[in-house]
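Working notes for the structure below.
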Amino acid sequence: MSNDKDNPVTNISIMNDKIFIKEFSKEFYQKIIDIKDINTFEITLKKWIKNLDKNIKSILELMKNHNKNELLFSSIIGFFYQYGIGCNIDKNKALKLYLLAVNNNEKSLNESFEHLQFSEEENDNEFDIIQNNNIIIGKYLLSLFYYKDIILSIKTLGYRYHYGQGVVQNYKKAFKWYLKSAKYGCAENQYSLGLCYKNGIGIDKDYDKAFKWYSMSANNGSALGQYGLGLCYHYGIGTVKDYSKAFDLFLKSANNGCAKGQYNLGYCYYNGIGISVNYKEAFKWYLKSAKLENAMAKNSLGECYFYGKGVQKNYEDAFTCMVFKIS
């Protein structure tokens, strides 16, 4: 919340209920205007609301009990229901409230944002300002409500077609949806798109494009993308072999919790690829990967126990790892 002494919402937490709810609405509107990252906007708003010196349920009840709540607060009440703030999550109710807010367009919204700010400063037509804010907030939240559902659907459709989950397996459709999602910036599906190009899944093999999409995924922080790019450098897929870069990427992927990255990092330590041989480190990373149910890591872990590489020889544990791998 703003620290500006001239800002009327600076101390909204200690105002009486009637004034509080009006100023809360104005500040919520301003937060919507100020937020730049749509991927984290709800986290920012929820944190702000929870930090107010007023019970969250009380805020919701104040808005619901206001005799003009449909005109003034329906969009914010919808936000509370969408994210379960002071209530149970109810996305259907949230959607209805967003639609109610945007359909309450009795007042022209042709005024510019600058004019609205001027009106607030002059405390002129306060009811109209809050009502207009409610409509604008409703439009914003409604668009994000649909946008996030669309993006989520696009993100999952590729995977579903790829592995035949809930739909008939279709590699061409999997590729199509991976591509759409990847273009939206989804790092996980950028990796999946790279996988398609690398292995010819739903599209002809193209190692240059595989390298391109693995690179994008890795640069966007995907542990799988870092693993995939590491493979490219390891085997010279779409690029020149570079074991040192492969090792660095496997290390990043492993530290980010990717079982495949952990296995490949262990493999590098075990065989001295891009790094000096270190059986203890190899065992450590094989073990981490095996705990994440990576079958190849379990097999390699068994070899470590069998030959005493990085750990004391233990044929029983070696056998157990092999059995897990086979099963």
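Each residue of the sequence shown is one higher than the one before, counting from 857 in this note's numbering. Here a beta-carbon is modelled for each residue, glycine too, at the ideal position from N, C-alpha and C.
Within 9 Å, strictly: CB atoms of residue i and residue j
i     : j     : result
V930  : L956  : Reading off the sequence, residue 930 comes out as Ser, not Val. Cβ atoms of S930 and L956: closer than 9 Å.
A1038 : L1051 : no
Y1123 : S1156 : yes
S1184 : Y1047 : In this structure the chain extends from 857 to 1183, so residue 1184 is not present and cannot be described.
Y937  : K924  : no
G1045 : G1014 : Per the sequence shown, residue 1045 should be read as Asn rather than Gly. In contact: N1045 and G1014 (Cβ atoms closer than 9 Å).
Q1078 : Q1118 : Here residue 1078 turns out to be Ser, not Gln, going by the sequence shown. Not in contact: S1078 and Q1118 (Cβ atoms no closer than 9 Å).
L1143 : A1115 : no
G1081 : A1043 : yes
Q1025 : Y1019 : yes
K920  : I912  : no
F876  : K910  : yes
L901  : G942  : no
L1105 : Y1083 : yes
F884  : I945  : no
V1096 : F1139 : no
F1001 : L951  : yes
G1094 : D1064 : yes
L1049 : W1069 : yes
Nearest-angstrom beta carbon gap, residue j and residue i [assumed within contact, 8 Å]
i     : j     : result
L852  : Y954  : The question about residue 852 has no answer here: the residues shown for the chain are numbered 857 through 1183.
I1121 : L1107 : It should be noted that the sequence gives Leu, not Ile, for residue 1121. Indeed, because the Cβ distance is near 6 Å, the residues count as touching under 8 Å.
K1100 : G1130 : Contrary to the premise, residue 1100 reads as Ser rather than Lys in this sequence. Right, the Cβ-Cβ distance comes to about 5 Å (below 8 Å), so this counts as a contact.
K1036 : G1058 : About 13 Å separates the two Cβ atoms, so there is no contact after all.
With 16 other Cβ atoms within 10 Å as the buried cut-off, status of residue i
i     : result
E962  : Reliability of the predicted coordinates at E962 is poor, the pLDDT of 46 falling under 50, and the value obtained from them is presented with this limitation in mind. E962 should be labelled exposed.
G1164 : exposed
Q987  : buried
S964  : Unreliable placement is indicated for S964, whose pLDDT of 38 sits below 50; no coordinate value is reported for it.
S914  : exposed
E879  : buried
N872  : exposed
I899  : exposed
K1154 : buried
N1127 : exposed
C1177 : buried
G994  : buried
S1071 : buried
Residue-chain proximity (residue i, chain E), Cβ-Cβ < 9 Å
i     : result
W1141 : Considering every chain present, this structure includes no chain E. It has just one protein chain.
Completely contained alpha helix (DSSP H) runs for the stretch 1068-1131, where each covers 4 or more residues: Within the stretch 1068-1131, the complete alpha helix (DSSP H) segments of 4 residues or longer fall at 1079-1091, 1099-1111, 1115-1127, listed in chain order.
Inside the stretch 995-1048 only - beta strand (DSSP E) runs reaching at least 3 residues: none
Completely contained alpha helix (DSSP H) runs for the stretch 883-942, where each covers 4 or more residues: 897-906, 912-921, 925-928, 930-939
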